[in-house]
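Just so we're aligned, residue 1 is where the sequence shown starts under full-length UniProt numbering, counting upward by one. Every residue gets a Cβ at the ideal spot worked out from N, C-alpha and C, and that includes glycine. On a predicted model such as this, the values are computed, not experimentally measured, just so you know. The block underneath contains the structure these notes are about, expressed in structure tokens.
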Amino acid sequence: MKAVERTKYGGVEFLKLVETEKPTPKENEILIKNHATSVTSGDALIRRADPFLIRLIFGFKKPRKPVLGVVVSGEVEAVGKSVTKFKVGDKVFGSAGMNFGSHAQ
1 MKAVERTKYG GVEFLKLVET EKPTPKENEI LIKNHATSVT SGDALIRRAD
51 PFLIRLIFGF KKPRKPVLGV VVSGEVEAVG KSVTKFKVGD KVFGSAGMNF
101 GSHAQ
């Protein structure tokens, strides 16, 4: 799948489109085929490490989670074993929370 990764903190010049492995959902997770996402002000602040203390949470020298993105909408592509409220094909929208990763297909 394609994702927008950041190689280091800073401006958009450190973002790149890459091909990455599609994750397998854990027992209580769902995998969403992303139809739309948004770049929020929070994404921009974390990308730039502004304020500097953000590095204490998200990685001091380099970002722990290279793919940002919190807002997601799309279709359920796979479900974990314990998931009962969603099934493959359901249309969904929501927040990835601090897991990030919605800037991927």
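How far does the alpha helix (DSSP H) with residue i in it extend, from its first residue to its last?
| i | result |
| --- | --- |
| R55 | I54 to F58 |
| R6 | Per DSSP, R6 belongs to no alpha helix (DSSP H); it is in the beta strand (DSSP E), K2 to R6. |
For residue i, which residues from the same chain have a beta carbon less than 6 Å from its beta carbon, with the 5 sequence-adjacent residues on both sides left out?
| i | result |
| --- | --- |
| K22 | M1 |
Just to confirm my understanding: we take residue i, look at its own chain, exclude 5 residues before and 5 after, and list those with CB closer than 8 Å. What are they?
| i | result |
| --- | --- |
| R64 | F58 |
| K81 | E27 |
By how many angstroms is the C-alpha of residue j removed from the C-alpha of residue i?
| i | j | result |
| --- | --- | --- |
| P25 | E5 | 20 Å |
| E13 | E75 | 30 Å |
| A44 | I54 | 12 Å |
| residue 165 | A96 | In the structure displayed, the chain extends from 1 to 105; residue 165 sits before or after that span and is not available. |
| R48 | V70 | 16 Å |
| F100 | S41 | 14 Å |
Tell me which residues share the same chain as residue i and place their Cβ nearer than 7 Å to its Cβ, disregarding the 5 neighbours each side in the sequence.
| i | result |
| --- | --- |
| G94 | V72 |
Counting along the chain, where does the beta strand (DSSP E) carrying residue i start and finish?
| i | result |
| --- | --- |
| L45 | First-last for L45: S41 to R48, but that is the alpha helix (DSSP H), not the beta strand (DSSP E). |
| S95 | K91 to S95 |
Would you decide whether residue i is buried or exposed? Buried here means 16 or more other CB atoms lie within 10 Å of its CB.
| i | result |
| --- | --- |
| H35 | exposed |
| F86 | exposed |
| F60 | exposed |
| P51 | exposed |
| L68 | buried |
| S38 | exposed |
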